[in-house]
Amino acid sequence: MIERCPPALLLVIGSLLIPCFKGRLKQIYLLALPLYALYVIYTIPEGAYWTCHFMDRVLTLGYVDRLSRVFGIIFALIAFLAVLFAMQEKNAHHMSALVYSGSALGVTFAGDFFTLYVFWEMMAVASTFLILAGHTIAARKAAFRYVLIHLFGGLLLLAGIAARFHETGTLQVGYIGLKGISSYLIFLGVALNAAVPPLHPWLKDAYPEATPSGTVFLSAFTTKSAVYVMARTFPGAELLIWLGAIMTVFPILYAVFENNLRRVLSYSLINQVGFMLCGVGIGTQLALNGTASHAFCHILYKALLFMSMGSVLQMTGKIRCTDLGGLYKTMPLTCLFCMVGAASISAFPLFSGFISKSMILSAAGHHKMVAVWFILQFASAGVLHHAGLKVPFYAFFAHDSGIRTKEPPLNMLVAMGITAFFCIFLGVYPEPLYRLLPYPVDYVPYTASHVVGQLQLLMFFALGFALLLLSGYHPPEIRAIHLDVDWLYRIGGKRFYEIMDVSWNGLNRGCERLFVKGLAARAGRFSQHGLARLTVLLAALFWLLSGYDKEKADRKREAIFLLYRKSAFPIGLSAAAATALLVLIFSLK
Amino acid sequence: MKRELHLFDTRKNWQRLLFGFYVALAVLLILDFFIPRHGYFPWESYPDFFAAYGFLACMLLILVARLTRRFVKREEDYYD
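Chains as they are written, first to last, in my numbering: chain A, 1 to 589; chain B, 1001 to 1080.
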């Protein structure tokens, strides 16, 4: 049975049958698909499955080892929870969401780069529909930019894969390492999906425009499947340590003053992926375990945060800090779930972030990377600011916006409840997750030293936040946007177009004036009337001598013009001209 | 119509929350002197190092964010 059902194809093909079901049956079918995929991934032994021959290559749809399994499990689990959250959406939404989830599983279990690439592109296309489903002009424009950027990234990846195949003759997915043009092309293609700066702005541009539930899917798959591919192909690449460290810091600056709460969470997502890539860059067993476990926990709490903000958006129609506030009064459960997500992402003890992020920090400490360690500690304190304090504070507390609404539908609450349960469960009892990690775990998160250190870091950061807020020094929330690298293609692209328009089209217009309307017209006029005028000029000499009056001269002139227009010259004249020409030629000779 | 009072509509509850917060801070500061610290770097074992770093991190983050915002802030319809 298992032999016939690769989890990726199960979701992709299974999604096509969604319109055949209605009502309760459809709900069961929607939930059963990812659950069954989860069952298959959890139970299947390590090895290569679902191989098929295509042209003269062997394609592997199911390369299962400990690394791909842990990513597969969390992808299937979050697909289930997100489908539960998105139950109210239309069929088209469900179909694109499941194709997207299935493609992410396809990337995870791909044993060869050809399969990986196909699923990679399917992911890009399917996710675009989740953004388009936002049904606003902003969403349509953002989706257009999103798909263009991802197709560009896909082309980089394809070029890298082709070059690598040319160099090595193999398509197998495995360690590549940064060496040679093909590896850099693959690296760039994957880095774009992982939102590595300066290739990141698609994320904060598009995710906040998707539907309330679409963003939950988006937050899980694209970046984390890229993290998985990085961990598979570029572990230990030093470049990734520094890119990861940069990624953890710059988004928290933007998150401080960003007004749209789903955009705050998008910046926060980039920051979290930074931790994971840093772990991939360090590349030791502890670091890679940290990356895998952090991806696992992060997918859950980030989904929970996006679910709570999605609920707020769905129930109030608003998502800006400046429009919200005081919602704890009418959405207490959503508020509670949001705070569980906030505590988890901030890595408070007993919440999931605490047991995963610290592994990456320990790996950096273990290798005496002083600068990286300080940057990561700064960033993990900074997470508390935007995701831990700002999101719950401005949505549910702060000033009372006067909005009185109610809790979201039951399925959304249940989805948030289960996700929140996992966040706390893993924080309290990390063993089941540690057992799934790619390498044996020799790590104890709960030591008195670690707990107190982390609590001090977070609580005194919170004290600073409270003091700055009360003193009015904290940047106020205002309705504004903030420029990011996407300025380059949103405004820069427009300017480039204008400059090209003015310069090339200007050249075109100049040439037209000079050559087409100027010289060519003159040449045309000359060939039309030039000879006739010359003849008239010569003839006028005779007319003058012959004493023609004006009227007769005019008549003669008209006759000459007519003659030239019709090219009807008397034979004698032609013969005379020909003779004159011959005489001229001979005399010149 | 009677105006419903919620958890944080009363000043007293706010004060209770803040009091709890300050007590927690004090406990953390004192606790650090009695806990055997171990870390990868020498400064991790200085008492209250993480408290100081957390507080400084907040100040630094907000300061840099304020400066950054001056350069990147635009009207909401900037791209339209």
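Virtual Cβ for every residue (Gly too), placed ideally from N, Cα, C. Note that the structure is a prediction, hence the values are computed from the model and not measured.
Give the secondary structure of A/ARG404 by DSSP, where H, G and I count as helix, E and B as strand, and everything else as coil.
-> On the first sequence, residue 404 of chain A is found 404 positions in, with the first residue counted as 1. Residue state, collapsed to three classes: coil.
Option nearest A/LEU84 by Cα separation, candidates A/ILE137, A/ARG24, A/VAL70 = Reading the first sequence from its first residue, position 84 is the one you call residue 84 of chain A. When each option's Cα is compared against that of A/LEU84, the closest is A/ARG24.
Roughly how many angstroms separate the alpha carbons of A/MET1 and A/PHE114, rounded to a whole number?
-> On the first sequence, position 1 is the one that residue 1 of chain A refers to. On the first sequence, position 114 is the one that residue 114 of chain A refers to. In this prediction, A/MET1 has a pLDDT of 44, which is less than 50 and means its spatial position is unreliable; what the coordinates show is noted afterwards. Rounded to whole angstroms, A/MET1 to A/PHE114 spans 25 Å at the Cα level.
When A/THR51, A/PRO408, A/PRO34, A/PHE144 are compared against A/MET95, the one with the closest alpha-carbon = By one-based count along the first sequence, residue 95 of chain A stands at place 95. Ranking A/THR51, A/PRO408, A/PRO34, A/PHE144 by Cα distance to A/MET95 puts A/PRO34 first.
Residues in the region 1053 to 1067 of chain B with C-beta within 7 Å of chain A's C-beta atoms, listed in sequence order?
-> TYR1053, GLY1054, PHE1055, ALA1057, CYS1058, MET1059, LEU1061, ILE1062, VAL1064, ALA1065, ARG1066
Using a cut-off of 8 Å between C-beta atoms, extract the partners of A/PRO475 located in chain B.
-> For the purposes of this step, residue 475 of chain A is taken as the residue at position 475 of the first sequence. Near A/PRO475 (Cβ distances below 8 Å), the residues of chain B are ILE1062, ALA1065, ARG1066, ARG1069.
List the residues of chain A that B/ARG1074 touches, going by C-beta distances under 8 Å, in chain order.
-> Against the second sequence, residue 1074 of chain B aligns to sequence position 74. Residues of chain A passing the Cβ test: ALA480, ILE481, HIS482, LEU483.
How big is the Cα-Cα spacing for A/LEU562 and A/VAL502?
-> The sequence position of residue 562 of chain A within the first sequence is 562, counting from 1. The sequence position of residue 502 of chain A within the first sequence is 502, counting from 1. In a straight line, the C-alpha of A/LEU562 is about 46 Å away from that of A/VAL502.
Residues within the region 1020 to 1043 of chain B neighbouring chain A, beta-carbon criterion of under 8 Å | PHE1021, ALA1024, LEU1025, LEU1028, LEU1029, LEU1031, ASP1032, ILE1035, PRO1036, ARG1037, HIS1038, GLY1039, TYR1040, PHE1041
Would you list, in sequence order, the uninterrupted alpha helix (DSSP H) runs of no fewer than 4 residues that lie entirely inside the region 107 to 153 of chain A?
-> 113 to 132
Chain-ordered chain A contacts of B/TYR1079 [CB-CB under 8 Å] | Locating residue 1079 of chain B in the second sequence gives position 79, where the first residue counts as 1. Within chain A, the residues near B/TYR1079 are ILE481, ARG490, ILE491.
Supposed contact pair A/TYR117 and A/ILE161 - C-beta distance, whole angstroms, cut 8 Å | Residue 161 of chain A sits at position 161 when you count from the first residue of the first sequence. Residue 117 of chain A sits at position 117 when you count from the first residue of the first sequence. Between A/TYR117 and A/ILE161 the Cβ distance is about 6 Å, and since that is below 8 Å, they are a contact.
Identity of the residue in A/HIS166, A/PRO7, A/TYR184, A/LEU327 nearest A/GLY153 by Cα | Your numbering for residue 153 of chain A matches position 153 in the first sequence. Of A/HIS166, A/PRO7, A/TYR184, A/LEU327, the residue nearest in Cα terms is A/TYR184.
Going along the chain, which residues of the region 456 to 468 of chain A sit with their C-beta nearer than 9 Å to a C-beta in chain B?
-> GLN456, LEU457, LEU458, MET459, PHE460, PHE461, ALA462, LEU463, GLY464, PHE465, ALA466, LEU467, LEU468
Using CA coordinates, which residue listed in A/LEU426, A/VAL12, A/VAL249 is at the minimum distance from A/ILE375?
-> If you number the first sequence from 1, residue 375 of chain A lands on position 375. Nearest option by C-alpha distance: A/VAL249.
Exposed unless 16 or more other CB atoms sit within 10 angstroms - verdict on A/THR579 | Walking along the first sequence from the start, residue 579 of chain A turns up at place 579. With fewer than 16 Cβ atoms within 10 Å of its Cβ, A/THR579 is classed as exposed.
Using DSSP with H/G/I as helix, E/B as strand and the rest coil, what is A/CYS5?
-> Counted from its first residue, the first sequence places residue 5 of chain A at position 5. Coil.
Any idea if A/CYS20 is buried or exposed, counting beta-carbon neighbours within 10 angstroms, 16 or more meaning buried?
-> Here residue 20 of chain A refers to the residue found at position 20 of the first sequence. Looking at its Cβ environment, which holds fewer than 16 other Cβ atoms inside 10 Å, A/CYS20 is exposed.
Going by C-alpha distance, which of A/THR108, A/GLN27, A/LEU218, A/ALA387 is nearest A/PHE129?
-> Here residue 129 of chain A refers to the residue found at position 129 when the first sequence is read from its first residue. For the residues A/THR108, A/GLN27, A/LEU218, A/ALA387, the minimum Cα distance to A/PHE129 belongs to A/LEU218.
Opposing strand residues paired with A/HIS482 [DSSP bridges] | Position 482 of the first sequence, counting from 1, holds the residue named residue 482 of chain A. DSSP lists B/LYS1073 as partners of A/HIS482.
Beta-carbon contacts of A/PHE71 that lie in its chain and below 6 Å, excluding the five residues immediately before and after | In the first sequence, the residue the question calls residue 71 of chain A occupies position 71. Only THR108, TYR228 meet the Cβ criterion.
Sub-9 Å separation of A/LEU608 and A/ALA292 beta-carbons = Since the displayed chain A opens at 1 and closes at 589, residue 608 of chain A lies outside it and no answer follows.
Of the residues that make up the region 371 to 389 of chain A, which ones have a beta carbon closer than 8 Å to any beta carbon in chain B?
-> TRP373, GLN377, PHE378, ALA381, GLY382, HIS385
Taking only beta-carbon atoms, is A/TYR254 less than 9 Å away from chain B?
-> By 1-based counting over the first sequence, the position of residue 254 of chain A is 254. Interface residue, yes.
So what does A/GLN172 bridge to, in DSSP terms?
-> Taking the first sequence and counting its residues from 1, the one referred to as residue 172 of chain A is at position 172. According to DSSP, A/GLN172 bridges with A/ASP112.
Among A/PRO201, A/GLU167, A/ALA110, the one whose alpha carbon lies nearest that of A/ILE149 = Residue mapping note: residue 149 of chain A aligns to position 149 of the first sequence, counting from 1. Considering only alpha carbons, the answer is A/PRO201.
Give a yes or no on whether the minimum CB-CB distance between A/HIS399 and chain B is below 9 Å.
-> To locate residue 399 of chain A, count along the first sequence from 1; it is residue 399. For A/HIS399, the answer is no, since every Cβ of chain B falls outside 9 Å of its Cβ.
Identify each residue in the region 255 to 280 of chain A for which the Cβ-Cβ distance to at least one residue of chain B is less than 9 Å, and report them in chain order.
-> ALA255, VAL256, PHE257, ASN259
Between A/HIS366 and chain B, is there a C-beta pair that is closer than 9 Å?
-> Locating residue 366 of chain A in the first sequence gives position 366, where the first residue counts as 1. Closer than 9 Å to some Cβ of chain B, the Cβ of A/HIS366 qualifies, so yes.
CB contact below 9 Å: A/GLN618 versus chain B = The structure shown has nothing for residue 618 of chain A, since chain A only spans 1 to 589.
Measuring only between beta-carbons, confirm whether A/GLY214 sits less than 9 Å from chain B.
-> Translated into the one-based positions of the first sequence, residue 214 of chain A becomes position 214. For A/GLY214, the answer is no, since every Cβ of chain B falls outside 9 Å of its Cβ.
So does the region 335 to 345 of chain A actually touch the region 388 to 395 of chain A, counting three or more Cβ pairs closer than 8 Å?
-> yes
Which residues mark the beginning and the end of the alpha helix (DSSP H) in which A/LEU470 is found?
-> Against the first sequence, residue 470 of chain A aligns to sequence position 470. Looking at the DSSP string, the run of the alpha helix (DSSP H) that includes A/LEU470 is 448 to 471.
Other residues of its chain near A/LYS204: CB distance less than 6 Å, five sequence neighbours each side excluded | Within the first sequence, the letter at position 204 stands for residue 204 of chain A. Correct list, in chain order: ARG263, SER266, TYR267.
Where A/VAL452 meets chain B, residues with beta-carbon distance less than 9 Å | To locate residue 452 of chain A, count along the first sequence from 1; it is residue 452. Simply LEU1028, LEU1031, ASP1032, ILE1035, ARG1037, PHE1050.
B/THR1068 versus A/GLY279 - alpha carbon distance = Position 68 of the second sequence holds residue 1068 of chain B. Position 279 of the first sequence holds residue 279 of chain A. The straight-line gap from Cα to Cα measures roughly 28 Å.
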